[in-house]
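Here's the structure we're looking at; comments come further down.
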Amino acid sequence: MVLLFETRCGFMAGCVVLVGTSHVAKQSLRDIRGALDEWSPVVVAVELDKARLAGLLHGGRRASSWSVLRSVGVAGFLFAFIGGFIQRRLGKATGVLPGSEMLFAVEEAKRRGLRVALIDRDVQVTLRRVSVLFSWRERGRFVLDIIKAPFMQKKEMIDLRSVPDDAFVKQAILLLEKRYPGLFKALVEERNTLMAARLARLAATFSGTVLGVVGAGHVDGVAALLANKAFSERFAQGERVEVVKYKRQKSKRKREAKQRGST
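According to numbering that gives the first Met the number 0, the residues represented by the sequence shown are 0 to 262, in order.
Rendered as structure tokens:
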């Protein structure tokens with residue numbers, strides 16, 4: 000799922016390409032590598048914050064349950080626990096650990112000597128927002144939906160190895176917005192706005208392509224905001240986005256040749 004958005008509007012130097020991924024699908028890794036090869040971006044912007052990237056780099060090490068509970072509230076903690084459990088189970092089924100595609104994007108950017116930007120909201124802020132916006136009515140509906148799910152007659156087979164198609168993603172997002180509007184606002188809408196704003200800022204800062212690697216459920220929302228000229232112009236001059244520039248890594252063969260030459 001690759002979309003191109005020309006965001007050049009006077010003062011904007013670059014454009015944005017979005018790659019929609021599934022957090023447990025091997026196809027996502029191929030899509031990311033293909034986009035890097037095709038578009039040769041100057042910046043790779045990933046749906047991560049510093050804490051999540053650090054967790055991925057250190058093997059998914061997590062803070063204690065008590066400290067997380069105190070920080071994000073009961074609803075945020077329970078949602079993070081259930082969501083993490085489901086993602087780990089799906090990851091075992093597909094052979095891809097949750098978040099591997101984002102880490103892959105960072106490591107590929109590092110190997111190619113590209114800039115990397117973290118564009119997602121701090122995960123603890125998001126979970127605190129879940130605790131605030133996820134109403135008791137929605138929580139009750141959520142529990143009932145989990146209980147009823149095994150008895151639903153209409154079932155659809157999903158290939159977990161690939162990124163879901165556009166129609167499935169749109170249907171899932173619409174259902175989330177309809178049944179759990181508070182959860183949708185905290186997890187999708189607010190983060191779409193922040194990530195689109197940061198992508199617009201990056202496109203205004205760097206001449207060339209900014210490759211945005213985001214979950215498939217965020218693509219349409221982020222794309223719609225970027226396509227809005229007023230939005231892009233407003234946030235292109237907004238808060239500076241921290242970017243890390245890596246030196247291009249030499250191949251193993253070149254490193255060995257250099258070592259032989261120095262001896």
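Ideal Cβ placement from N, Cα and C applies to all residues, glycine included.
| field | Cβ neighbour criterion (16 or more within 10 Å) applied to Ser231 | value | Taking the first residue of the sequence shown as position 1, residue 231 is located at position 232. Buried: at least 16 other Cβ atoms inside 10 Å.
| task | Work out the CA separation of Glu107 and Arg190 for me, nearest whole Å. | result | For the purposes of this step, residue 190 is identified with residue 191 of the sequence shown, where counting begins at 1. For the purposes of this step, residue 107 is identified with residue 108 of the sequence shown, where counting begins at 1. Distance between the alpha carbons of Arg190 and Glu107 is about 24 Å.
| request: Assign Val142 to one of three DSSP states: helix, strand, or coil. | output: By 1-based counting over the sequence shown, the position of residue 142 is 143. It is helical.
| Which two residues bound the contiguous beta strand (DSSP E) that contains Leu201? | Position 202 of the sequence shown, counted from the first residue, corresponds to residue 201. It is not in any beta strand (DSSP E) - Leu201 instead sits in the alpha helix (DSSP H) that spans 189-204.
| Segment limits, alpha helix (DSSP H) that includes Lys109 | Here residue 109 is taken as the residue at index 110 of the sequence shown, counted from 1. 99-110 is the extent of the alpha helix (DSSP H) around Lys109.
| message | What does the alpha-carbon distance come out to for the pair Met101 and Glu46? | response | The sequence position of residue 101 within the sequence shown is 102, counting from 1. The sequence position of residue 46 within the sequence shown is 47, counting from 1. The straight-line gap from Cα to Cα measures roughly 7 Å.
| request: Determine the burial state of Pro40: buried for a count of at least 16 other Cβ atoms within 10 Å of its Cβ, exposed for fewer. | output: Working through the sequence shown from its first residue, we reach residue 40 at position 41. Classification for Pro40: buried.
| query | What distance in whole Å lies between the Cβ atoms of Ala116 and Val240, which are believed to be in contact at a cut-off of 8 Å? | reply | The residue given as residue 240 occupies position 241 in the sequence shown. The residue given as residue 116 occupies position 117 in the sequence shown. Between the beta-carbon of Val240 and that of Ala116 there is about 5 Å, and that keeps the pair under the 8 Å contact cut.
| message | Could you give the first and the last residue of the continuous beta strand (DSSP E) run that contains Val41? | response | In the sequence shown, counting from the first residue as 1, residue 41 sits at position 42. The continuous stretches of beta strand (DSSP E) do not include Val41, and DSSP gives it neither H nor E.
| If you run the structure through DSSP and keep just helix, strand and coil, what is Arg114? | Your numbering for residue 114 matches position 115 in the sequence shown. Note: Arg114 maps to strand in three-state DSSP.
| task | Rounded to whole angstroms, what's the CA-CA distance from Asp36 to Gly112? Just pull it up for me. | result | For the purposes of this step, residue 36 is identified with residue 37 of the sequence shown, where counting begins at 1. For the purposes of this step, residue 112 is identified with residue 113 of the sequence shown, where counting begins at 1. Cα to Cα, the separation comes out at about 13 Å.
| task | Would you list the one or two residues that DSSP bridges to Lys244? | result | The sequence position of residue 244 within the sequence shown is 245, counting from 1. Answer by DSSP bridge pairing, in chain order: Arg114.
| Expressed to the nearest angstrom, what Euclidean distance is found between the alpha-carbon atoms of Ser21 and Asp30? | Within the sequence shown, residue 21 is the residue found at index 22, counting from 1. Within the sequence shown, residue 30 is the residue found at index 31, counting from 1. If you take the alpha carbons of Ser21 and Asp30, they lie about 10 Å apart.
| said: When you compare the CB positions of Ile118 and Ala53, do they come within less than 8 Å of one another, or not? | reply: As a working mapping, residue 118 is identified with position 119 in the sequence shown. As a working mapping, residue 53 is identified with position 54 in the sequence shown. Not a contact, by the Cβ cut-off of 8 Å.
| query | Based on Cα-Cα distance, which residue from Phe141, Lys169, Leu182 lies nearest to Val131? | reply | Here residue 131 refers to the residue found at position 132 of the sequence shown. Comparing Cα-Cα distances from Val131 to each of Phe141, Lys169, Leu182, the minimum goes to Leu182.
| Closest by C-alpha distance to Val187, when choosing among Phe205, Leu225, Ala215 | Locating residue 187 in the sequence shown gives position 188, counting from the first residue. Checking every option, the nearest Cα to that of Val187 belongs to Ala215.
| With a Cβ-Cβ cutoff of 8 Å, do Val242 and Arg114 count as a contact? | Position 243 of the sequence shown, counting from 1, holds the residue named residue 242. Position 115 of the sequence shown, counting from 1, holds the residue named residue 114. It is a contact, given that the beta carbons lie within the stated cut-off.
| query | DSSP three-state call for Asp219: helix, strand or coil? | reply | In the sequence shown, the residue the question calls residue 219 occupies position 220. In the structure shown, Asp219 sits in a helix (DSSP, three-state: H, G or I).
| task | Tell me whether the beta-carbon of Arg136 lies closer than 8 Å to the beta-carbon of Arg178. | result | Here residue 136 refers to the residue found at position 137 of the sequence shown. Here residue 178 refers to the residue found at position 179 of the sequence shown. No, the Cβ-Cβ distance between Arg136 and Arg178 is not below 8 Å.
| request: Report yes if the CB atom of Ala185 is closer than 8 Å to the CB atom of Arg138, and no otherwise. | output: By one-based count along the sequence shown, residue 185 stands at place 186. By one-based count along the sequence shown, residue 138 stands at place 139. Taking the C-beta atoms as reference points, Arg138 is found no nearer than 8 Å to Ala185.
| Ser244 to Asp48, Cα distance in whole Å? | Residue numbering aside, residue 244 sits at position 245 when the sequence shown is read from its first letter. Residue numbering aside, residue 48 sits at position 49 when the sequence shown is read from its first letter. The sequence given here has Lys at residue 244, not Ser. Taking the straight line joining both Cα atoms gives about 17 Å.
| To which residues of the same chain is Glu176 closer than 7 Å at the C-beta, ignoring the five residues directly before and after it? | Against the sequence shown, residue 176 aligns to sequence position 177. Correct list, in chain order: Phe183.
| 8 Å contact criterion, which Ala202 and Ala235 should meet: CB distance rounded | Residue mapping note: residue 202 aligns to position 203 of the sequence shown, counting from 1. Residue mapping note: residue 235 aligns to position 236 of the sequence shown, counting from 1. The pair is a contact, with the Cβ atoms about 7 Å apart (cut-off 8 Å).
| message | Here's a check: name, in chain order, each residue in its chain whose Cβ is nearer than 7 Å to the Cβ of Phe205, leaving out the five neighbours to either side. | response | Taking the sequence shown and counting its residues from 1, the one referred to as residue 205 is at position 206. Correct list, in chain order: Ala12, Gly13, Val41, Val42.
| request: Rounded to whole angstroms, what's the CA-CA distance from Ser27 to Gly19? Just pull it up for me. | output: Residue numbering aside, residue 27 sits at position 28 when the sequence shown is read from its first letter. Residue numbering aside, residue 19 sits at position 20 when the sequence shown is read from its first letter. Approximately 8 Å, taken between the alpha carbons.
| said: At the level of alpha carbons, what is the spacing between Ala50 and Val122? | reply: Here residue 50 refers to the residue found at position 51 when the sequence shown is read from its first residue. Here residue 122 refers to the residue found at position 123 when the sequence shown is read from its first residue. Here the alpha carbon of Ala50 sits roughly 7 Å from the alpha carbon of Val122.
| query | Rounded C-beta distance between Leu225 and Leu193? I'm assuming under 8 Å. | reply | For the purposes of this step, residue 225 is identified with residue 226 of the sequence shown, where counting begins at 1. For the purposes of this step, residue 193 is identified with residue 194 of the sequence shown, where counting begins at 1. Leu225 to Leu193, Cβ: 13 Å. No contact.
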